[in-house]
Amino acid sequence: MAETTATEALGHGTESRRGFLTILTGAASAVAAGAIVWPLFDALNPDAQSEASARMIVDVADIAENTAKTVQWAGLPIYIRKLTAKQIADAQAVMTSALPDPAEFTERVPAGYQNYVVVVGLNTGTPCALEGNDPADPRGDYDGWLCPCDGSQYDPLGRVRSGPAKKNLAIPRFKFINAVQLQFG
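Numbering (the numbering used here), first residue to last: 1 to 185.
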């Protein structure tokens, strides 16, 4: 009987060891998988520099009336123009139903900051940079922007007024964070 008990004890020890090794192997595999997968997921997160450029802040205090500032955001030229009182009045008086791409004044300017217009500075007909940020630049018949590539003309709000282009200038995602700074993203 003593022999049977020793064999049983030896068998029980082997099962115990086998179970421990199975658990140890599973845990080591999980750690190894985590060590491989974690860097892959971490690489998908934006780095600090790209996150900062995605949330770029621009100072608009230095923009004089009837001029614009050009900044690069998300690989696009962004035009920020400060309108004069006359440009605002003229833009509000336009019959929007007659425009190729009707848009009201309030749809094109940020609430509370109606003297600023922020648009992507590329013609919507052919992707060409527009002229008209400086008062000395040609601005076309509508005192806005002019495309040197196809002759499309936009008013100071970025609404298409003539030419082959049929769409208004795109408005990027932005918000004013105070009276002199806006943030993209």
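Glycine included, every Cβ here is placed at the ideal spot set by N, Cα and C.
Taking the straight line between their C-alpha atoms, what separation do you get for residue i and residue j?
| i | j | result |
| --- | --- | --- |
| Ala165 | Asn123 | 7 Å |
| Arg139 | Ile78 | 17 Å |
| Gly26 | Ala33 | 10 Å |
| Asp143 | Arg55 | 31 Å |
| Trp145 | Ala136 | 12 Å |
| Gln153 | Gln72 | 22 Å |
Only counting the same chain, and skipping five residues up and downstream in sequence, which positions put a Cβ closer than 7 Å to that of residue i?
| i | result |
| --- | --- |
| Ile63 | Lys69, Ile80, Lys82 |
| Thr14 | none |
| Val119 | Tyr79, Gly158, Leu169, Ala170, Ile171 |
Can you list, in chain order, the residues of its chain whose CB lies under 6 Å from that of residue i, leaving out five sequence neighbours each side?
| i | result |
| --- | --- |
| Pro100 | Val160, Lys166 |
When the Cα of residue i is compared with those of the options, which residue comes out closest?
| i | options | result |
| --- | --- | --- |
| Glu65 | Ile57, Phe20, Val117 | Val117 |
| Asp134 | Val94, Pro156, Gln114, Ala61 | Pro156 |
| Val180 | Leu169, Ile171, Gly112 | Gly112 |
If I follow the unbroken alpha helix (DSSP H) through residue i, where does it start and stop?
| i | result |
| --- | --- |
| Asp90 | 85-93 |
| Thr106 | 105-108 |
Please return the same chain residues whose Cβ sits closer than 8 Å to the Cβ of residue i, not counting the five positions on each side in sequence.
| i | result |
| --- | --- |
| Cys128 | Leu122, Cys147, Pro148, Cys149, Asp150 |
Using a 10 Å radius around the Cβ and a threshold of 16 neighbouring Cβ atoms, would you call residue i buried or exposed?
| i | result |
| --- | --- |
| Gln87 | buried |
| Gln92 | exposed |
| Thr7 | A caution first: Thr7 carries a pLDDT of 49, below 50, which makes its placement in the model unreliable, though a value can still be read off. Under this definition Thr7 is an exposed residue. |
Would you kindly report the start and end of the unbroken beta strand (DSSP E) that includes residue i?
| i | result |
| --- | --- |
| Arg139 | Run containing Arg139: none; DSSP gives neither H nor E here. |
| Pro77 | 76-82 |
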